[in-house]
Amino acid sequence: MKTDIQIAQETQMLHINEIAKKIGLSEDDIEQYGKYKAKVDLDVLKRHKEKENGKLILVTAITPTPAGEGKSTVTIGLTQALNKIGKLSSAAIREPSLGPIFGMKGGAAGGGYAQVVPMEDINLHFTGDMHAIGIAHNLISACIDNHINSGNQLGIDLTKITWKRVVDMNDRALRKVVIGLGGKANGVPRESSFQITVGSEIMAILCLSNNIKELKEKIGNIVFATSYSGQLLRVSDLHIEGAVAALLKDAIKPNLVQTLEHTPVFIHGGPFANIAHGCNSILATKMALKLTDYVVTEAGFAADLGAEKFLDIKCRMGGLTPNAVVLVATVRAIKHHGDGDLAKGMANLEKHLEIIQTYGLPAVVAINKFVTDTEEEIAYIEKFCNERGAEVSLCEVWAKGGEGGIDLANKVVKAIEESTKEYKPFYDINLSIQEKIEKICKGIYGADGVTFSAAAKKMLTLIEKEGYNHLPVCMSKTQKSISDNPNLLGRPTGFKVTINELRLAVGAGFIICMAGDIIDMPGLPKKPAAEVITISDEGIIDGLF
7 MKTDIQIAQE TQMLHINEIA KKIGLSEDDI EQYGKYKAKV DLDVLKRHKE
57 KENGKLILVT AITPTPAGEG KSTVTIGLTQ ALNKIGKLSS AAIREPSLGP
107 IFGMKGGAAG GGYAQVVPME DINLHFTGDM HAIGIAHNLI SACIDNHINS
157 GNQLGIDLTK ITWKRVVDMN DRALRKVVIG LGGKANGVPR ESSFQITVGS
207 EIMAILCLSN NIKELKEKIG NIVFATSYSG QLLRVSDLHI EGAVAALLKD
257 AIKPNLVQTL EHTPVFIHGG PFANIAHGCN SILATKMALK LTDYVVTEAG
307 FAADLGAEKF LDIKCRMGGL TPNAVVLVAT VRAIKHHGDG DLAKGMANLE
357 KHLEIIQTYG LPAVVAINKF VTDTEEEIAY IEKFCNERGA EVSLCEVWAK
407 GGEGGIDLAN KVVKAIEEST KEYKPFYDIN LSIQEKIEKI CKGIYGADGV
457 TFSAAAKKML TLIEKEGYNH LPVCMSKTQK SISDNPNLLG RPTGFKVTIN
507 ELRLAVGAGF IICMAGDIID MPGLPKKPAA EVITISDEGI IDGLF
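Sequential numbering from 7 applies to the sequence shown in the numbering used here.
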């Protein structure tokens, strides 16, 4: 069996100019990064602002197994399939992070015959967006410590600096560090830490900004510390928001590439799906909606985590109206949630269907097929979902590309055309932060209630005092369970969610709610993927997946 990278390398790609032409873009609209990738000028959005948007399709999943359920593969395959049935379609997805690529999870460019290419470029340095975001973030870090070393006129409390440094690599040794050692010439000693670049608030800001002006304003609003007098300190107090935004002048432009079947793909931004909102950029999604009739996008992890943030944060901030949701499921994952029993595990799928329907959106269940799946198992899932108002499609895009997703494409189009439902966010933005958290925990997760730690209660008081109750909440919890306990599989009941900590992400425009112990600097596994990734004497990369 061919590997993903072998399949990708055997594909004859079209020049990126040809992909641009498919969606009405000229050579002047794009900035080429070699033959097969380009950035798209933001003026394209201005020029098409009066054009009606295409239909927006979100791909999400049931609670995943450690191996994942193939959201990205289904996203790419569905996009290819829509084009095969005569619908001008594109995908809008996230950029991969180098940490997982050299760790255990691998890249995020699909798989089999449903991939985005050039696969090696996308999974490695691509167009340099990750590096720009990392440098922009670390410029703030450097200026904070320089300000302290130069007299600390702002009165920064060294024990209350919340701004970390970032690197786009899994490196557990950087979770806790001491900086400024070696005497006065090397700065002021203090404890600090690193997080992975995709967890940076700069990443979230880039993905939630509608233009450069908004980008700069959001950067200025970042809260990085508290002063000795108890005042919240912002990046604008350091007067560097312009410099930070300048580093992102190219990174803010969406990237254009293609699938194996030459379908256009906008790939831009990649916020951590736990700490941040886990969706690609608003700008890339909006651009895709103006240039194609159907846009397929995805959100990190399952419907309780990624889809909730997509529908309550990204769509709200971007003024986006989704039209349908594809819920990816696998027989192996359903059995995983039922201790090997398919019927018992269906409770997890049922809960995710209910979550989607809560938002007033039609759902189509895509069964990502494995060779071990039986006809009886597929038929059982189909009957179960049909009884709950959802169509089901057997998806074989990994093995067959767009051809394996034609039934899914037809059912999604039909669901959109026949839907009389209307999308609405789950909670009223004018509720207090505590009320929003409780509504999500009870209504989305199915919890009996919420317990707030002393530190979280203290932060709730500060949020109200500072006037941030109007912000949406960004839940940070395990992806392994609908609850906040990774060991509770299926459809947990009789549990309470514990909020350990609240973090201000005022620049991004949300409050991060930490439920459980979520690490924002992952570590490498005992045998990292880095051990099998290599390059030949001729420059051909192998081992990526």
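Note that the Cβ used here is the ideal one computed from N, Cα and C, for glycine as well.
Owing to the predicted nature of the structure, the values given are computational and were not obtained by experimental measurement.
query, result
"Candidates L311, T269, C285: closest to G276 by CA position", "C285"
"Inter-stretch contact (C-beta, 8 angstroms, three-pair minimum) for the segment 110-130 and the segment 255-274", "yes"
"Between the CA atoms of I225 and V512 - distance to the nearest angstrom", "9 angstroms"
"Complete beta strand (DSSP E) runs within the segment 31-60 (minimum length 3 residues, chain order)", "36-38, 44-46"
"Sub-8 angstroms separation of G105 and D34 beta-carbons", "no"
"Straight-line gap, Q485 to G325 (C-alpha atoms, nearest Å)", "27 angstroms"
"DSSP state of Y300 mapped onto helix, strand, coil", "strand"
"With 16 other Cβ atoms within 10 Å as the buried cut-off, status of Q121", "buried"
"Boundaries (first-last residue) of the beta strand (DSSP E) holding G226", "Counting along the chain, G226 falls outside any beta strand (DSSP E), though it belongs to the alpha helix (DSSP H) covering 218-226."
"Whole-Å CB distance - A309 paired with L333, under 8 angstroms assumed", "7 angstroms"
"Residue(s) in a DSSP beta bridge with E397", "V370"
"Option in L510, E409, E423 with minimal Cα separation from Y119", "E409"
"T79: first and last residue of the uninterrupted alpha helix (DSSP H) it sits in", "77-90"
"Stretch pair the segment 66-73 + the segment 331-345: three plus CB contacts closer than 8 angstroms", "yes"
"Stretch-stretch touch, CB-based, cutoff 8 angstroms, three pairs: the segment 202-213 with the segment 135-143", "yes"
"Distance, E382 Cα to M527 Cα", "43 angstroms"
"Burial state of S542 (16 or more Cβ within 10 Å)", "exposed"
"Three-state class that DSSP yields for L348 in the structure shown", "helix"
"First and last residue of the uninterrupted beta strand (DSSP E) at R322", "Not the beta strand (DSSP E): R322 falls in the alpha helix (DSSP H), residues 321-324."
"Proximal residues to T499 (C-beta, below 7 angstroms), its chain only, five neighbours per side dropped", "G452"
"Beta-carbon gap between A294 and A98 smaller than 8 angstroms", "yes"
"When N491, R509, L510, E507 are compared against F501, the one with the closest alpha-carbon", "N491"
"Unbroken alpha helix (DSSP H) run spanning A415, endpoints", "412-424"
"Close-in-space but distant-in-sequence residues of the same chain around G522 (CB under 6 angstroms, 5 per side omitted)", "K483, T484, D490"
"Whole-angstrom distance between H283 and Q579, CA atom to CA atom", "The structure shown has nothing for residue 579, since the chain only spans 7 to 551."
"8 angstroms Cβ cutoff met for K222 and A251", "yes"
"Minimum C-alpha distance to A339 - residue among L414, V241, F376", "F376"
"Three-way DSSP call (helix, strand, coil) for Q12 in this model", "helix"
"CA-to-CA distance, S198 to L187, given in whole angstroms", "12 angstroms"
"Nearest residue (CA-CA) to G312, options V479, Y300, V50", "V479"
"Exposure label - Q86; buried when at least 16 CB within 10 Å", "buried"
"Secondary structure of L239, DSSP reduced to three states", "strand"
"Cβ-based burial, H143 [other Cβ within 10 Å; buried from 16]", "buried"
"Three-pair Cβ contact test at 8 angstroms for the segment 421-428 versus the segment 460-474", "no"
"Reduced DSSP secondary structure (H/G/I, E/B, other) of M209", "helix"
"Residues bridged to D127 [DSSP beta-bridge criterion]", "Answer is none; D127 lacks a bridge partner."
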